[in-house]
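Here is the structure we will look at.
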Amino acid sequence: MPDTVLVILILGGIGVLCGILIFVVNRVLPKEPGSLKKAQEILENLPNMNCGACGFPGCFAYAQALAEDKNTFFSNTCATVMQQEDMLHKLEEILDIKMDPSVIDKKAVVKCFGNSKPAGRYNGIKTCRSASKIAGGSRVCPYGCLGYGDCVRVCPNGAIYIDPENKVAVVDPGKCNGCGLCVKECPRHLIELVPSNTNIIFRCSYEAPRNIPNRPKCDLGCLGCKKCFKVCENGAILWNEEKAMPEFDMSKCVMCGKCIEVCPHNRLIALSNITKKQDPCTPDSKESVVSQKEESKTPEKQNDIILQ
Amino acid sequence: MAVINNMVLSKFLGLCPFFGVSKKLSNAISMGVAVTLVMLLASVSSSVIYNYILVPYNVEYMQIVIYILVIAALVQIVELIIKRTNLNLYNALGIYLPLITTNCAVLGITLINSAENYSILESTVSALGAGMGFTLVLVIMSGIREKLDLADTPESMRGLPIAFITAALLALAFLGFNGMM
Numbered sequence: 008m009p010d011t012v013l014v015i016l017i018l019g020g021i022g023v024l025c026g027i028l029i030f031v032v033n034r035v036l037p038k039e040p041g042s043l044k045k046a047q048e049i050l051e052n053l054p055n056m057n058c059g060a061c062g063f064p065g066c067f068a069y070a071q072a073l074a075e076d077k078n079t080f081f082s083n084t085c086a087t088v089m090q091q092e093d094m095l096h097k098l099e100e101i102l103d104i105k106m107d108p109s110v111i112d113k114k115a116v117v118k119c120f121g122n123s124k125p126a127g128r129y130n131g132i133k134t135c136r137s138a139s140k141i142a143g144g145s146r147v148c149p150y151g152c153l154g155y156g157d158c159v160r161v162c163p164n165g166a167i168y169i170d171p172e173n174k175v176a177v178v179d180p181g182k183c184n185g186c187g188l189c190v191k192e193c194p195r196h197l198i199e200l201v202p203s204n205t206n207i208i209f210r211c212s213y214e215a216p217r218n219i220p221n222r223p224k225c226d227l228g229c230l231g232c233k234k235c236f237k238v239c240e241n242g243a244i245l246w247n248e249e250k251a252m253p254e255f256d257m258s259k260c261v262m263c264g265k266c267i268e269v270c271p272h273n274r275l276i277a278l279s280n281i282t283k284k285q286d287p288c289t290p291d292s293k294e295s296v297v298s299q300k301e302e303s304k305t306p307e308k309q310n311d312i313i314l315q
Numbered sequence: 047m048a049v050i051n052n053m054v055l056s057k058f059l060g061l062c063p064f065f066g067v068s069k070k071l072s073n074a075i076s077m078g079v080a081v082t083l084v085m086l087l088a089s090v091s092s093s094v095i096y097n098y099i100l101v102p103y104n105v106e107y108m109q110i111v112i113y114i115l116v117i118a119a120l121v122q123i124v125e126l127i128i129k130r131t132n133l134n135l136y137n138a139l140g141i142y143l144p145l146i147t148t149n150c151a152v153l154g155i156t157l158i159n160s161a162e163n164y165s166i167l168e169s170t171v172s173a174l175g176a177g178m179g180f181t182l183v184l185v186i187m188s189g190i191r192e193k194l195d196l197a198d199t200p201e202s203m204r205g206l207p208i209a210f211i212t213a214a215l216l217a218l219a220f221l222g223f224n225g226m227m
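Top line first, the protein sequences correspond to chains A and B.
Here the numbering used here runs 7 ahead of the position in the first sequence, where the first position is 1.
Here the numbering used here runs 46 ahead of the position in the second sequence, where the first position is 1.
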């Protein structure tokens, strides 16, 4: 027998044998469950980012749960789907449900303006979670953003970045889909979900009564001057006496912007302006220049403590 | 085969899953087990084919093509089994499961077996050793990388660069086992 024919026979024979083997294994093994096909169909209309914000380990696990019980969509809503209309409509068709997107259309905001001074040199693991555990945190303000970017790492959309100037996390409202992962991640609970039609947010979380001894108050934080509370004609700003902080009732706000103008430290800011740079003439930057000068004259010895 | 002639760190075979699946310990273990299983099955069937078909008919030069065919079929079967029995594991392994087909460690072990003229039993044992060595290195690497994620590495070294350096240091450490022989 010529060599070529032999080789073709051997190769073909082994190939056929392998094929038969796969066929047999396919038959012997239990069939795929019926819900799996539906899960696959649902999966096509999910974002497939596997962010885990819905509470399931990934989009596929979420699709499986949806295939078994469609009410899961109401208890564990996928925030990303709510932002994408065509996906949502297809999903509604498959699952035979109706959703009102305006109910859960939310954006995350960071309630801190940053720029709090470091409390000492911090050489530990570069995460907010570990920095917040040592001596009340690596920054002077006990309620301020630590700026190590735990929220940046957890964001599935890359919507959060650390402002290099103020060392504070900033959420880009255009990219945020309100999944809420960063809210859970922040060790200082500075991030909050607000309805996306909100226009005014308050970027400070300093609560006066929770003041920690030997920690100076952030000199850029809320003064508690009540100016915003007094200027608001619609009663949208309430004063929380206990925390010495303003509180907002967004249903009454008419977006007149008076509170933004009157705030001496620019802690109140419009959501749409959040990623834009601050005007250099605002009281905020003036003050920071002054405080920096003062600081350079009298260097505090306290800053030399090394936090390990 | 497991430690001294380690597949990954001494022979530099199977580097693709070594860097691809070594981010999480749990995935690394299941990937190692899957590769070991495929190696075992491939070694047994390939040494049967080599000793009883290729050698008697004098067509040893066909071994690479035939081994690839056998390995591809075996990977298909393993993939089917994992998909039907443990769907979450199937999703976790992702693209690296069908990529076992092209894993050079699997083809490498079958070729080494035939080059050394191992019998069926000998090649089974050598495949088991190689598979265990692969799993061991994958587990060590993923353990180190899990810890490295928390370390304060310089910006430019984060991720894969530091993983390459770790792999080099691991290879150096495994080279030390050679001296024990």
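Where is the CB? At the ideal position from N, CA and C, for every residue including glycine.
Mapping DSSP to helix, strand and coil, what is residue i?
i	result
A/Ile316	Look at the range of chain A in this structure, 8 to 315, and you will see that residue 316 of chain A is not part of it.
A/Lys293	Bear in mind that the predicted position of A/Lys293 carries a pLDDT of just 37, short of 50, making it too unreliable to give a figure here.
A/Ile141	coil
A/Asp170	strand
B/Arg233	Nothing can be reported for residue 233 of chain B: it is not among the residues displayed for chain B, which extend from 47 to 227.
A/Phe209	strand
A/Arg146	strand
A/Val261	coil
A/Leu36	coil
A/Glu240	coil
B/Val81	helix
A/Ile104	coil
A/Met89	helix
A/Ala115	strand
A/Met252	strand
A/Ala176	strand
A/Pro125	strand
B/Asp198	coil
Would you please verify whether the beta carbon of residue i is less than 8 Å from any beta carbon of chain B?
i	result
A/Gly22	yes
A/Lys284	Because the pLDDT of A/Lys284 is 43, which lies under 50, any placement of that residue in the model is unreliable, and the question is left without a value.
A/Pro37	yes
A/Asn33	yes
A/Lys133	yes
A/Glu294	Because A/Glu294 carries a pLDDT of 38, less than 50, the predicted location of this residue cannot be relied on, and the following value inherits that uncertainty. No, A/Glu294 does not count as interfacial toward chain B.
A/Val116	no
Strictly under 8 Å for the Cβ-Cβ distance: is residue i near chain A by that measure?
i	result
B/Gln109	no
B/Val116	yes
B/Ile75	no
B/Tyr98	no
B/Ala88	no
B/Tyr164	no
B/Ala119	yes
B/Val105	yes
B/Ile50	no
B/Ile95	yes
B/Gly225	no
B/Ile208	no
B/Leu218	no
B/Ile146	no
Would you give the residue range spanned by the beta strand (DSSP E) that residue i belongs to?
i	result
B/Ile141	No beta strand (DSSP E) holds B/Ile141; DSSP gives it neither H nor E.
A/Leu200	Ile198 to Pro202
Residue range of the alpha helix (DSSP H) that residue i falls in?
i	result
A/Leu245	Taken as a continuous stretch (DSSP letters only), A/Leu245 belongs to no alpha helix (DSSP H), being part of the beta strand (DSSP E) at Ile244 to Asn247.
B/Phe180	Ile166 to Leu194
B/Pro207	Leu206 to Asn224
A/Phe81	Thr79 to Ser82
A/Val161	Asp157 to Val161
A/Pro194	Run containing A/Pro194: none; DSSP gives neither H nor E here.
A/Ala74	Cys66 to Glu75
B/Val152	Cys150 to Ala161
Is residue i near the ligand HEM, going by C-beta to nearest heavy atom under 7 Å?
i	result
B/Val111	The ligand content of the structure shown is nil, which means the ligand HEM is not present either.
Interface residues of the stretch 59 to 89 of chain A facing chain B [CB-CB below 9 Å]: Answer set for the stretch 59 to 89 of chain A: Pro64, Gly65, Phe67, Ala68 and Gln71.
Cβ contact check for the stretch 179 to 189 of chain B and the stretch 65 to 83 of chain B: 3 or more pairs under 8 Å: Contact holds: three or more Cβ-Cβ distances are below 8 Å.
Taking three-plus beta-carbon pairs below 8 Å as touching, is the stretch 21 to 37 of chain A in contact with the stretch 49 to 63 of chain A? In short, these stretches do not touch, since the Cβ pair count stays below three.
Please identify, using Cβ separations under 9 Å, the residues of the stretch 191 to 203 of chain B that lie next to chain A, in order along the chain. Answer set for the stretch 191 to 203 of chain B: Leu196, Ala197 and Asp198.
Does the pairing of the stretch 184 to 202 of chain A with the stretch 146 to 160 of chain A give three or more beta-carbon distances under 8 Å? Contact check between the stretch 184 to 202 of chain A and the stretch 146 to 160 of chain A: three or more CB pairs, one atom from each, fall below 8 Å, which counts as touching.
Take every Cβ of the stretch 129 to 136 of chain B, pair it with every Cβ of the stretch 97 to 112 of chain B, and state whether three or more of those distances are shorter than 8 Å. No, because fewer than three Cβ pairs between the stretch 129 to 136 of chain B and the stretch 97 to 112 of chain B fall closer than 8 Å, the two stretches do not touch.
Quick one: which residues of the stretch 168 to 200 of chain A get their C-beta closer than 9 Å to a C-beta of chain B? List them in chain order. Listed by position along the chain: nothing, the set is empty.
Would you call the stretch 69 to 87 of chain A in contact with the stretch 183 to 191 of chain A, where contact means no fewer than 3 C-beta pairs closer than 8 Å? The way I'd put it, the stretch 69 to 87 of chain A does touch the stretch 183 to 191 of chain A; three or more beta-carbon pairs between them come closer than 8 Å.
Does the contact criterion of 3 or more C-beta pairs under 8 Å hold for the stretch 89 to 106 of chain B versus the stretch 165 to 183 of chain B? In short, these stretches touch, since the Cβ pair count reaches three.
Contact between the stretch 134 to 151 of chain A and the stretch 164 to 172 of chain A: three or more CB pairs below 8 Å? No, they do not touch.
Evaluate contact between the stretch 57 to 70 of chain A and the stretch 92 to 103 of chain A, counting only Cβ atoms and requiring at least three cross-stretch pairs below 8 Å. Contact between the stretch 57 to 70 of chain A and the stretch 92 to 103 of chain A is absent, because fewer than three Cβ pairs lie under 8 Å.
The stretch 121 to 142 of chain B: which residues have C-beta closer than 7 Å to a C-beta of chain A, in chain order? Of all residues in the stretch 121 to 142 of chain B, Gln122, Ile123, Leu126, Ile127, Arg130 and Asn137 have a Cβ within less than 7 Å of some Cβ in chain A.
Counting pairs of beta carbons, one from the stretch 66 to 80 of chain B and one from the stretch 196 to 204 of chain B, are three or more of them closer than 8 Å? Contact between the stretch 66 to 80 of chain B and the stretch 196 to 204 of chain B is absent, because fewer than three Cβ pairs lie under 8 Å.
If you pair each beta-carbon of the stretch 214 to 225 of chain B with each one of the stretch 95 to 104 of chain B, do three or more pairs fall below 8 Å? Three or more Cβ pairs closer than 8 Å define a contact, and the stretch 214 to 225 of chain B falls short of that threshold against the stretch 95 to 104 of chain B.
What residues in the stretch 204 to 215 of chain A bring their beta carbon closer than 7 Å to a beta carbon of chain B? Within the stretch 204 to 215 of chain A, no residue qualifies.
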